[in-house]
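*Asks:*
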Amino acid sequence: MIKVLVIVTSHFGFDGISNVATNYYIYQDHTRIKMDLLTINDIPIRLKVEIEKNGDSHFIMNQRNKNPIGYVKSVAVLCRQNKYDLVHIHGNSNTMFVDLVAARLGGVKVRVAHSHNTKCNHTVINRMLKPFFRMNVTDGFACAEEAGMWLFKKGEFRVINNGIDLNRFKFNASLRLHLRKELGVENKLVVGHVGRFSKQKNHQKLIHIFKMLHERRKNTALLMWGEGELKDDIQQMILDINADIRLMGTTTEVEKWLHVMDVIVFPSLFEGLPLFLIEAQALGVKCIVSDTVSPMAKIVDNFTYHSLNDTDEGWAKFIITETISLGHIETHNMITEAGYDIRNNCEQLLEIYNDLIYR
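Following full-length UniProt numbering, the numbering of the sequence shown begins with 1 at its first residue and continues without gaps.
Quick look at the structure:
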């Protein structure tokens, strides 16, 4: 049985990287792998239960950003004690060199960095750390081609798809009617968004777009799920807008709330390949996303790109045009054929782990 330590370098919550790591843990064949998890904060109960059930371990080391030297020492000791065959690090930038160095000092021969984005918020530091990152990484993974090219050179990484459990994303017309009635939006065009309240997700533009949309089509609502450092700013911003805009908190049941939505609007400044957009397409929800999102994100026909440079009014008009005719479409076969069934993805990842360890 191989031994792997998975490290998530960002805040572990209910967003993209966290959900990808969770899916790859829960649906893995734990008779063939010991998979421990290291995070900088606590994790959801659901994942804790799974880790305990499988006899694996979860470690919290919250000093990564405040005391990187102490963090490196602690992770190195952990790696040495547990004799991991491979360390798999999820992140967005060359700051993953901290975790890579720790793994190398801990005697881990296979050190994988997994890129989940195409930019980061600390570009100068990222550029400075690049040589140190390259000296310590042995293998590269990426959620999409563009995310791979952000941290690696062509041919230096493998694309690992952000797989989902398709059984969770089955359209239920009765549930849609019930939830929309419960929220009082049964006769409205519901715009949805799930994502961390951060600069990257561009919530300010989303709200300005919705304001323009609401001026042209009154019977509309904007529902947003997520947490993050900009949540208070967004909360303040929507107080000044006379429209139905709601912050819905976090959710572990995205498949449930997707039933409420008519269209997802996703004007991100930069992205790798958001798991949420795969989930939305699996349930057949119309998606309108900025042209910064990877071309790999489009799996079905009701997924449309729009220029981030267009005006808020231009976006609003485009949404109106694109939502003239809406209806559920069956997409599961297309999602599976595109390679996003998590059970198949887990089998492929396990094979890759073994190839890297025993090469």
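In this text, a Cβ means the ideal position worked out from N, Cα and C, and glycines have one as well.
From a predicted model like this one, the values you see are computed outputs, not experimental measurements.
Just tell me which of T22, H114, A102 and F14 has its CA closest to the CA of G148.
*Replies:* On the sequence shown, position 148 is the one that residue 148 refers to. Per the Cα distances, H114.
*Asks:* How is S10 classed by DSSP in three states: helix, strand or coil?
*Replies:* Indexing the sequence shown from 1 puts residue 10 at position 10. S10 falls in the coil class under three-state DSSP.
*Asks:* Rounded to the nearest angstrom, how far is the Cβ of L326 from that of K286, given a contact under 8 Å?
*Replies:* As a working note, residue 326 is residue 326 in the sequence shown. As a working note, residue 286 is residue 286 in the sequence shown. Right, their Cβ atoms sit about 6 Å apart.
*Asks:* Comparing C-alpha positions only, which one of F171, K130, R246 and L37 sits nearest to E227?
*Replies:* As a first step, residue 227 is located in the sequence shown; it is residue number 227 there, counting from the start. The residue with the shortest Cα to Cα distance from E227 is R246.
*Asks:* For the 8 Å Cβ check, are there 3 or more pairs between the stretch 76-91 and the stretch 349-358?
*Replies:* Enough Cβ pairs lie closer than 8 Å, so yes.
*Asks:* Using a Cβ distance threshold of 8 Å, determine whether the stretch 236-256 contacts the stretch 272-292, with at least three qualifying pairs required.
*Replies:* They touch, by the three-pair rule.
*Asks:* What does a CB cutoff of less than 6 Å around L269 pick up in its chain, not counting 5 residues either side in sequence?
*Replies:* For the purposes of this step, residue 269 is identified with residue 269 of the sequence shown, where counting begins at 1. These residues qualify, in order along the chain: Q200 and N202.
*Asks:* When we look at the beta-carbon of K153 and count the other beta-carbons within 10 Å, is it buried (16 or more) or exposed?
*Replies:* The residue labelled residue 153 in the question sits at position 153 within the sequence shown. When all chains shown are included, K153 counts as exposed.
*Asks:* For K53, which of helix, strand or coil comes out of DSSP?
*Replies:* For the purposes of this step, residue 53 is taken as residue 53 along the sequence shown, with counting starting at 1. Correct three-state label for K53: helix.
*Asks:* Using 8 Å as the threshold, is the C-beta distance between G75 and M61 below it?
*Replies:* Sequence index remark: in the sequence shown, residue 75 carries index 75 (1-based). Sequence index remark: in the sequence shown, residue 61 carries index 61 (1-based). Looking at the sequence provided, one finds Val at residue 75 rather than Gly. Against a cut-off of 8 Å, the Cβ pair of M61 and V75 comes out as a contact.
*Asks:* I need the boundaries of the alpha helix (DSSP H) containing V87, first residue and last residue.
*Replies:* Reading the sequence shown from its first residue, position 87 is the one you call residue 87. From DSSP, V87 is part of no alpha helix (DSSP H) but of the beta strand (DSSP E) over L86 to G91.
*Asks:* Give me the residue from Y353, E337, H332 and I319 with the minimum Cα distance to I209.
*Replies:* Mapped onto the sequence shown, residue 209 falls at position 209. Here the closest residue by C-alpha is I319.
*Asks:* Please state whether DSSP places C143 in a helix, a strand or coil.
*Replies:* Looking up residue 143 in the sequence shown gives position 143. In this structure, C143 counts as coil in the three-state DSSP scheme.
*Asks:* Would DSSP call A221 helix, strand or coil?
*Replies:* Position 221 of the sequence shown, counted from the first residue, corresponds to residue 221. In this structure, A221 counts as strand in the three-state DSSP scheme.
*Asks:* Among K109, I89, F132 and A103, which has the Cα closest to the Cα of F141?
*Replies:* Numbered from 1 along the sequence shown, position 141 holds the residue referred to as residue 141. The option with the nearest alpha carbon to F141 is I89.
*Asks:* Is it right to say Q28 is buried, meaning 16 or more other beta carbons lie within 10 angstroms of its own, or is it exposed?
*Replies:* Taking the sequence shown and counting its residues from 1, the one referred to as residue 28 is at position 28. It is buried - the Cβ of Q28 has at least 16 other Cβ atoms within 10 Å.
*Asks:* Since I believe L308 is in contact with S294 (beta carbons under 8 Å), could you give me their beta-carbon distance rounded to a whole number of angstroms?
*Replies:* As a position in the sequence shown, residue 294 is number 294, starting the count at 1. As a position in the sequence shown, residue 308 is number 308, starting the count at 1. Their Cβ separation, rounded to whole angstroms, is 14 Å, which puts S294 and L308 out of contact at 8 Å.
*Asks:* Give every residue of the same chain whose Cβ lies closer than 6 Å to the Cβ of F276, excluding the five residues on either side of it in the sequence, and list them in chain order.
*Replies:* The residue given as residue 276 occupies position 276 in the sequence shown. Taken in chain order, the residues that qualify are V194.
*Asks:* On the premise that H306 lies in contact with I329, defined as a C-beta separation below 8 Å, what is that separation, rounded to the nearest angstrom?
*Replies:* What you label residue 329 is simply residue 329 of the sequence shown in a count that begins at 1. What you label residue 306 is simply residue 306 of the sequence shown in a count that begins at 1. The Cβ separation is near 20 Å, so there is no contact.
*Asks:* Three or more C-beta pairs under 8 Å: does that hold for the stretch 31-47 against the stretch 3-21?
*Replies:* Cβ pair count under 8 Å is three or more, so yes.
*Asks:* Specify whether the stretch 163-176 and the stretch 337-354 touch according to this definition: at least 3 beta carbon pairs, one from each stretch, less than 8 Å apart.
*Replies:* Contact between the stretch 163-176 and the stretch 337-354 is present, because at least three Cβ pairs lie under 8 Å.
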